[in-house]
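2 protein chains.
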Amino acid sequence: MADRYANFANSGPGRAVVKRLGLPDPPRLRRYRPGDPLTAGPVLLGAAPGGRLGEPVGKLLERAGVPVVATGAEGVRHGALIFDATGITDSTRLRALFDFFHPYAKSLHVCGRVIVLGTPPEAAASPKEATAQRSLEGLTRSIGKEFGRGVTAQLVYVAPGGEQSVESTLRFLLSGRSAYVSGQVIRIGAGAASEPADWDRPLDGKLALVTGAARGIGAAIAAVLARDGAEVIALDVPGAGDALADVANRARGRALQLDLTTADAPERLAGYLAAGPHGGVDIVVHNAGITRDRTIARMDESRWDAVIGVNLTAPERVNDVLLDRGLIKPGGRIVGVASIAGIAGNRGQTNYATSKAGVIGLVQATAPLLAGRDITINAVAPGFIETAMTAKMPFGLREAGRRLNSMSQGGLPVDVAETIAWFASPGSATITGNVVRVCGQSLLGA
Amino acid sequence: MADRYANFANSGPGRAVVKRLGLPDPPRLRRYRPGDPLTAGPVLLGAAPGGRLGEPVGKLLERAGVPVVATGAEGVRHGALIFDATGITDSTRLRALFDFFHPYAKSLHVCGRVIVLGTPPEAAASPKEATAQRSLEGLTRSIGKEFGRGVTAQLVYVAPGGEQSVESTLRFLLSGRSAYVSGQVIRIGAGAASEPADWDRPLDGKLALVTGAARGIGAAIAAVLARDGAEVIALDVPGAGDALADVANRARGRALQLDLTTADAPERLAGYLAAGPHGGVDIVVHNAGITRDRTIARMDESRWDAVIGVNLTAPERVNDVLLDRGLIKPGGRIVGVASIAGIAGNRGQTNYATSKAGVIGLVQATAPLLAGRDITINAVAPGFIETAMTAKMPFGLREAGRRLNSMSQGGLPVDVAETIAWFASPGSATITGNVVRVCGQSLLGA
Numbered sequence: 001m002a003d004r005y006a007n008f009a010n011s012g013p014g015r016a017v018v019k020r021l022g023l024p025d026p027p028r029l030r031r032y033r034p035g036d037p038l039t040a041g042p043v044l045l046g047a048a049p050g051g052r053l054g055e056p057v058g059k060l061l062e063r064a065g066v067p068v069v070a071t072g073a074e075g076v077r078h079g080a081l082i083f084d085a086t087g088i089t090d091s092t093r094l095r096a097l098f099d100f101f102h103p104y105a106k107s108l109h110v111c112g113r114v115i116v117l118g119t120p121p122e123a124a125a126s127p128k129e130a131t132a133q134r135s136l137e138g139l140t141r142s143i144g145k146e147f148g149r150g151v152t153a154q155l156v157y158v159a160p161g162g163e164q165s166v167e168s169t170l171r172f173l174l175s176g177r178s179a180y181v182s183g184q185v186i187r188i189g190a191g192a193a194s195e196p197a198d199w200d201r202p203l204d205g206k207l208a209l210v211t212g213a214a215r216g217i218g219a220a221i222a223a224v225l226a227r228d229g230a231e232v233i234a235l236d237v238p239g240a241g242d243a244l245a246d247v248a249n250r251a252r253g254r255a256l257q258l259d260l261t262t263a264d265a266p267e268r269l270a271g272y273l274a275a276g277p278h279g280g281v282d283i284v285v286h287n288a289g290i291t292r293d294r295t296i297a298r299m300d301e302s303r304w305d306a307v308i309g310v311n312l313t314a315p316e317r318v319n320d321v322l323l324d325r326g327l328i329k330p331g332g333r334i335v336g337v338a339s340i341a342g343i344a345g346n347r348g349q350t351n352y353a354t355s356k357a358g359v360i361g362l363v364q365a366t367a368p369l370l371a372g373r374d375i376t377i378n379a380v381a382p383g384f385i386e387t388a389m390t391a392k393m394p395f396g397l398r399e400a401g402r403r404l405n406s407m408s409q410g411g412l413p414v415d416v417a418e419t420i421a422w423f424a425s426p427g428s429a430t431i432t433g434n435v436v437r438v439c440g441q442s443l444l445g446a
Numbered sequence: 001m002a003d004r005y006a007n008f009a010n011s012g013p014g015r016a017v018v019k020r021l022g023l024p025d026p027p028r029l030r031r032y033r034p035g036d037p038l039t040a041g042p043v044l045l046g047a048a049p050g051g052r053l054g055e056p057v058g059k060l061l062e063r064a065g066v067p068v069v070a071t072g073a074e075g076v077r078h079g080a081l082i083f084d085a086t087g088i089t090d091s092t093r094l095r096a097l098f099d100f101f102h103p104y105a106k107s108l109h110v111c112g113r114v115i116v117l118g119t120p121p122e123a124a125a126s127p128k129e130a131t132a133q134r135s136l137e138g139l140t141r142s143i144g145k146e147f148g149r150g151v152t153a154q155l156v157y158v159a160p161g162g163e164q165s166v167e168s169t170l171r172f173l174l175s176g177r178s179a180y181v182s183g184q185v186i187r188i189g190a191g192a193a194s195e196p197a198d199w200d201r202p203l204d205g206k207l208a209l210v211t212g213a214a215r216g217i218g219a220a221i222a223a224v225l226a227r228d229g230a231e232v233i234a235l236d237v238p239g240a241g242d243a244l245a246d247v248a249n250r251a252r253g254r255a256l257q258l259d260l261t262t263a264d265a266p267e268r269l270a271g272y273l274a275a276g277p278h279g280g281v282d283i284v285v286h287n288a289g290i291t292r293d294r295t296i297a298r299m300d301e302s303r304w305d306a307v308i309g310v311n312l313t314a315p316e317r318v319n320d321v322l323l324d325r326g327l328i329k330p331g332g333r334i335v336g337v338a339s340i341a342g343i344a345g346n347r348g349q350t351n352y353a354t355s356k357a358g359v360i361g362l363v364q365a366t367a368p369l370l371a372g373r374d375i376t377i378n379a380v381a382p383g384f385i386e387t388a389m390t391a392k393m394p395f396g397l398r399e400a401g402r403r404l405n406s407m408s409q410g411g412l413p414v415d416v417a418e419t420i421a422w423f424a425s426p427g428s429a430t431i432t433g434n435v436v437r438v439c440g441q442s443l444l445g446a
């Protein structure tokens with residue numbers, strides 16, 4: 001799991017070598033600790049004329065104690081550049097983006113943040129507006145690739161009527177929680193989200209179920225949800241015994257040994273949750289997943305069936321039973337774990353990519369149906385994450401995965417976990433049907 | 001424009017060196033010439049039980065003179081593997097894909113074809129079906145990366161009611177016309193498309209306008225549309241004089257010198273078309289585009305304005321005037337040219353990527369509005385195409401662009417042109433709002 005090159009590049013002598021030879025320069029990413037300020041410096045907030053988000057965003061940043069400025073001054077380093085582009089109603093007005101970003105492109109702190117706020121093209125009032133708003137995606141993804149130094153860049157589409165529900169997302173994106181999330185497009189729907197009493201413990205009083213929790217990313221999810229205040233049920237297969245117990249103990253939660261691919265597992269899980277003190281569950285994270293890599297020519301049917309069964313069919317069956325029984329409560333959150341392989345496909349992973357593309361389908365198909373029940377469903381799609389699994393990859397493949405992204409390094413399990421915690425927040429009630437990559441803006445895609 | 005490495009790799013001694021050293025192995029791609037058979041061998045056609053496309057597809061292939069078999073035999077090489085997956089209504093039935101592809105994965109000719117037919121997730125009858133159908137994307141993209149040897153793989157979603165309108169797409173995908181198109185998802189809508197009298201001249205009797213026609217990709221578009229039977233108006237800026245006249249002559253068409261970014265250009269173009277013998281135009285290809293690369297920190301406003309103006313605002317203005325005046329006739333086709341940079345973003349191209357993402361927005365926002373007028377609008381998104389522009393790129397960047405795709409080589413201008421000709425076909429009447437990459441399944445994406 002050690003990225004020795006990144007450690008070297010961040011050492012005293014290493015910095016000099018990296019700079020002189022023009023080698024990949026992986027910055028030390030700023031990651032979240034409770035109590036940290038949201039940004040390393042003031043936020044420069046700009047807007048195209050006629051925008052509807054500049055004012056509410058300015059106010060919420062002030063309430064959050066973040067210094068906000070409207071123009072930069074010589075030598076001042078900004079923690080973030082936020083631009084409200086909702087006023088851009090046709091392509092001739094895109095120039096406002098250049099006017100804002102050109103003079104301040106070099107003004108960001110290391111690990112600074114770029115956030116462009118727009119109107120979802122599908123909610124625009126005219127084709128001209130939809131076109132201009134869609135073009136924002138090209139801008140933010142290019143900025144993510146240009147700025148380097150750990151700077152992330154995102155496009156956040158806020159539906160008309162969603163202006164008061166952006167705080168959980170801005171807090172996520174500004175903070176070190178989103179260290180390895182860049183080049184993403186996030187959609188916030190209309191409606192009001194509730195505000196947690198304590199933004200450092202937004203999940204206080206919530207019960208969360210995490211599958212595949214014994215190791216790697218699953219263990220990190222359990223830890224982060226617990227840190228954010230949730231009571232955690234850490235679920236894994238019976239064979240994971242000791243490791244699972246450790247995770248549950250560290251999260252001060254409960255361990256549940258269950259193989260979700262067995263015929264009666266969803267019913268048994270439902271019984272367990274119904275009998276618990278909460279009489280249900282608030283947050284369900286379908287993290288359990290396996291790989292059984294072979295080209296399809298060399299694959300046997302058991303490898304195909306196992307991967308589809310664990311990664312896709314099991315989450316479907318669990319959702320069905322828990323939703324049918326009303327065990328996921330209003331305000332509930334379902335989070336799936338997809339993968340870049342499910343987006344771009346991958347050699348040797350027809351089974352895995354099929355299952356993970358299916359997870360995206362599950363999220364997109366289910367989100368509209370759950371909206372009326374006040375339950376959201378979203379997915380993360382991890383890229384190269386440093387785990388025991390990636391540590392076993394051949395050197396060349398591993399180095400390519402680590403370096404071919406805007407951060408020049410692999411992500412950590414905690415980065416995936418933080419993104420899931422953002423979806424899980426009460427403040428994210430109007431975020432549903434999203435698939436957000438946790439990939440450092442990997443070059444790979446579709 | 002010469003890919004010397006590919007020429008070497010396809011030479012006698014080169015083949016041996018490439019094989020022994022495990023170097024990238026760019027196959028010589030099969031490209032279309034009128035009269036060519038659609039495939040190099042029989043099509044193996046399979047289906048999951050309950051599918052609705054196997055039968056109509058089998059019949060149309062027979063009518064087209066393509067041999068079709070239902071099971072493979074020892075030693076038989078197939079020209080294509082086509083699988084009707086519309087019968088897959090939940091994830092437990094995805095196994096049918098493995099059962100079809102596993103035994104025949106090695107049975108394809110060089111430059112063979114894989115086509116998976118599905119139901120658009122948004123038109124599925126249940127969330128389970130939508131999920132399973134969405135998962136097909138992971139499969140086809142993985143197969144595209146696995147099979148190599150010039151084999152392409154696509155997913156074609158056919159809306160219920162569109163079963164009789166798949167022929168233009170199957171002909172495009174099976175033939176050498178789609179040599180450099182792989183890993184794509186294509187959506188065919190409901191409704192009937194008309195059948196050209198002669199599939200080798202599907203554009204007979206049509207008038208096509210091609211902007212930026214003097215060079216490179218634009219010149220190839222003019223030539224291909226003319227070859228397919230269209231009368232071509234080749235448009236470019238006044239400075240392109242001689243080159244433009246050459247293109248128009250070779251296409252036996254007309255040259256039109258006009259700078260579309262001037263205030264009165266759309267009106268002048270409208271006047272020209274209205275006064276012509278057709279009293280309008282059938283096919284409009286917005287190919288004119290420029291790059292003015294700089295990071296946004298180093299860019300000046302003229303570079304920003306020029307790129308947005310030529311690549312995005314000009315097509316919008318031309319569409320507005322031609323559509324307002326009814327000069328794009330029923331059965332009309334509008335085709336935009338986007339770019340991988342507009343999908344994934346690119347360092348040094350904030351202006352270009354913004355404009356090209358906008359072209360995608362234009363297509364998606366306009367398609368529903370034109371459906372009632374029997375006009376389609378789609379876009380191609382080229383990847384690395386061998387042109388005078390890419391020939392000037394630094395060696396490392398150029399080689400990366402050429403090799404980092406499933407074909408291990410750059411595409412040719414004709415590949416973009418063929419894709420546009422497919423959109424333009426009368427047989428493609430139910431294809432609208434699509435953005436299809438012509439990139440050899442480049443690894444780059446979002």
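Chains A and B, in that order, are what the protein sequence lines are.
Read left to right, the first sequence gives residues 1 to 446 (full-length UniProt numbering).
Read left to right, the second sequence gives residues 1 to 446 (full-length UniProt numbering).
Glycine residues also receive a C-beta, built at the ideal position from the N, C-alpha and C atoms.
Since this is a predicted model, take the numbers as computed values, not measurements.
Outcome for residue i when other beta-carbon atoms lying within 10 angstroms are tallied against a minimum of 16
i, result
"A:Ser11", "exposed"
"B:Glu74", "exposed"
"B:Leu369", "exposed"
"B:Phe395", "exposed"
"A:Met407", "buried"
"A:Ala208", "buried"
"A:Val17", "exposed"
"A:Arg33", "exposed"
Any chain A beta carbon closer than 8 Å to residue i
i, result
"B:Ser135", "yes"
"B:Arg325", "no"
"B:Pro127", "yes"
"B:Lys356", "yes"
"B:Asn346", "yes"
"B:Gln154", "no"
"B:Thr92", "yes"
Alpha carbon of residue i to alpha carbon of residue j, nearest angstrom
i, j, result
"A:Glu316", "B:Asp324", "48 Å"
"B:Ala371", "B:Asn7", "45 Å"
"A:Val436", "A:Leu225", "18 Å"
"A:Gly401", "A:Phe384", "6 Å"
"A:Val307", "B:Ala263", "58 Å"
"A:His102", "A:Gly162", "29 Å"
"B:Ile188", "B:Ala159", "6 Å"
Supposed close pair residue i, residue j - CB separation, criterion 8 Å
i, j, result
"A:Thr295", "A:Gly348", "5 Å"
"A:Val116", "A:Phe83", "5 Å"
"B:Ala338", "B:Asn346", "Not confirmed; about 13 Å, so no contact."
"A:Ala213", "A:Leu244", "6 Å"
Top-ranked residue by Cα proximity to residue i, from the options
i, options, result
"B:Arg63", "B:Ala222, B:Leu258, B:Leu170 and B:Ile385", "B:Leu170"
"B:Arg250", "B:Thr262, B:Arg227 and B:Val18", "B:Arg227"
"B:Val210", "B:Asp204, B:Trp199 and B:Ala222", "B:Ala222"
"B:Thr390", "B:Pro413, B:Ile375 and B:Arg373", "B:Pro413"
"A:Gly218", "A:Leu94, A:Leu53, A:Lys392 and A:Gly336", "A:Gly336"
"A:Leu60", "A:Arg113, A:Arg95 and A:Glu167", "A:Glu167"
"B:Pro127", "A:Arg398, A:Arg31, A:Thr366 and A:Phe147", "A:Thr366"
"A:Arg333", "A:Phe423, A:Trp304, A:Asp90 and A:Asp25", "A:Phe423"
Chain B within 8 Å of residue i, Cβ atoms only
i, result
"A:Asp84", "no"
"A:Leu139", "yes"
"A:Phe395", "no"
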